[in-house]
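**Q** Per this note's numbering, the sequence shown starts with residue 491, numbered consecutively. After the structure tokens below, expect a handful of questions from me.
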Amino acid sequence: MNCVRCRVGFAPGAAAGCKAACLAWQIAVMRWLTVLLVCWCGAAVAGTRDDGVADSRYLAYAAGFAPYTAQVSGLLAENDKVFTASGVAIADRYVLTAAHVAAPAGTCIVTFGERSLRVSRIYVHPEWQDGRLGHDDIALLETSEAIGLAWYPPLSDGGEEPGAVCSIAGYGVSGPISTGYAVSDGRLRAGTNTVARFERGVIVCLISRGSSPMEFGIGPGDSGGPLFIAGRLAGINSFTMADRGPLRSKSGEESGHTRVSLHREWIEGIVGR
Numbered sequence: 491m492n493c494v495r496c497r498v499g500f501a502p503g504a505a506a507g508c509k510a511a512c513l514a515w516q517i518a519v520m521r522w523l524t525v526l527l528v529c530w531c532g533a534a535v536a537g538t539r540d541d542g543v544a545d546s547r548y549l550a551y552a553a554g555f556a557p558y559t560a561q562v563s564g565l566l567a568e569n570d571k572v573f574t575a576s577g578v579a580i581a582d583r584y585v586l587t588a589a590h591v592a593a594p595a596g597t598c599i600v601t602f603g604e605r606s607l608r609v610s611r612i613y614v615h616p617e618w619q620d621g622r623l624g625h626d627d628i629a630l631l632e633t634s635e636a637i638g639l640a641w642y643p644p645l646s647d648g649g650e651e652p653g654a655v656c657s658i659a660g661y662g663v664s665g666p667i668s669t670g671y672a673v674s675d676g677r678l679r680a681g682t683n684t685v686a687r688f689e690r691g692v693i694v695c696l697i698s699r700g701s702s703p704m705e706f707g708i709g710p711g712d713s714g715g716p717l718f719i720a721g722r723l724a725g726i727n728s729f730t731m732a733d734r735g736p737l738r739s740k741s742g743e744e745s746g747h748t749r750v751s752l753h754r755e756w757i758e759g760i761v762g763r
């Protein structure tokens, strides 16, 4: 099968510039998958939603995540093209995001509401490799000044199980789950999903109407955003996949989220310096 990978975040202007490539991702059943990395290039654009749930509910739900969910943006080191993605503050000067967002960045800022902070240093997980989708797809952004929150989300200890309802947030494209993403308005949205399974360090969720109270599928621009289980940061938004394309973050597709608990030692080793 021809597999297409599209970096959500790496195209000029508001267009989503994608590079087609053939790649295989070997999972437990050794199947070929069509994969979309969910980072967006150009103007910020957040996740697909259940057709039967008003968009206003997703916007309202996101308000609870807004203090620590960041919009990550900047210029690519290779060609100075603009990118936009998501991230989550975990300490006074540290934002966790996806490695495929941070690795190609030249200059980078994180924005919380009306406040933007320059990123002074980027830490990409040492075992991350471009093309190994979801695996070690995690990075830390160190800000030039304190973020200044009174509370930061705790990291998961790895106790989550399949069937758990999770909460997901991000600044990605939006639209109904039945047809897929279509709208880019730069607003933070959040919703829920259910953990289907774990595959080699990746939390996998099925995008399906009615499987959780406010079903949510990640789309371009949501890369690096948070996935919470039982109040703890359990995953970082990484990619979507399906048995066949095109991918639109619609019903029947799956989303992959890098499992945070597997990288706690690396994270705490940097944050605790």
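Even for Gly, the Cβ is constructed at its ideal location relative to N, Cα and C. Values in this document were obtained by computation on a predicted structure and should not be read as measured data.
Note down the Cα distance separating GLY577 from SER610, rounded to an integer number of angstroms.
**A** Position 87 of the sequence shown, counted from the start, is the residue given in the question as residue 577. Position 120 of the sequence shown, counted from the start, is the residue given in the question as residue 610. GLY577 and SER610: Cα-Cα distance of roughly 15 Å.
**Q** Using a Cβ distance threshold of 8 Å, determine whether the segment 556 to 564 contacts the segment 692 to 708, with at least three qualifying pairs required.
**A** no
**Q** Mapping the DSSP letters down to three states, classify ARG605 as helix, strand or coil.
**A** For the purposes of this step, residue 605 is taken as residue 115 along the sequence shown, with counting starting at 1. DSSP places ARG605 in strand when its eight states are reduced to three.
**Q** I'd like the ranges of any beta strand (DSSP E) spanning at least 3 consecutive residues and lying wholly in the segment 652 to 703.
**A** 655 to 660, 679 to 689, 692 to 696
**Q** Where does THR669 land, buried or exposed, given buried means 16+ other C-beta within 10 angstroms?
**A** Residue 669 sits at position 179 when you count from the first residue of the sequence shown. Answer is exposed; the Cβ neighbour count stays below 16.
**Q** How long is the line joining the alpha carbons of ARG539 and LYS571, rounded to whole angstroms?
**A** Within the sequence shown, the letter at position 49 stands for residue 539. Within the sequence shown, the letter at position 81 stands for residue 571. The alpha-carbon atoms of ARG539 and LYS571 are separated by roughly 29 Å.
**Q** Between the Cα of ALA636 and the Cα atoms of ILE719, PRO666, VAL600, which residue gives the shortest distance?
**A** Position 146 of the sequence shown, counted from the first residue, corresponds to residue 636. That would be VAL600, whose Cα lies nearest to the Cα of ALA636.
**Q** Name the two residues that bound the continuous alpha helix (DSSP H) containing GLY759.
**A** Taking the first residue of the sequence shown as position 1, residue 759 is located at position 269. Start and end: 754 to 761.
**Q** Please go through the same chain and pick out, in chain order, the residues whose beta-carbon is closer than 8 Å to the beta-carbon of ARG547, but skip the five residues on each side of it.
**A** Residue mapping note: residue 547 aligns to position 57 of the sequence shown, counting from 1. So the list reads MET704, once near-sequence residues are dropped.
**Q** Under 8 Å, with one C-beta from each stretch per pair, do the segment 680 to 698 and the segment 745 to 760 reach the 3-pair mark?
**A** Result yes; three or more Cβ-Cβ pairs closer than 8 Å.
**Q** With burial defined as no fewer than 16 other Cβ atoms inside 10 Å of the residue's Cβ, what is the status of THR587: buried or exposed?
**A** The count along the sequence shown starts at 1 and reaches residue 587 at position 97. Classification for THR587: buried.
**Q** Jot down the residue ranges of each uninterrupted beta strand (DSSP E) in the segment 576 to 634, minimum 3 residues, whole runs only, in chain order.
**A** Look at the segment 576 to 634 and you find these whole runs of beta strand (DSSP E), each 3 residues long or longer: 584 to 587, 595 to 602, 605 to 614, 629 to 633.
**Q** Looking at GLY681: is its Cβ nearer than 7 Å to the Cβ of GLY711?
**A** As a first step, residue 681 must be located in the sequence shown, where it is residue number 191. As a first step, residue 711 must be located in the sequence shown, where it is residue number 221. Inclusion of GLY681 and GLY711 in the CB contact set at 7 Å is not warranted, their separation being larger than that value.
**Q** Assuming ARG722 is part of the beta strand (DSSP E), what are its boundary residues?
**A** Locating residue 722 in the sequence shown gives position 232, counting from the first residue. Per DSSP, ARG722 belongs to the beta strand (DSSP E) from 722 to 732.
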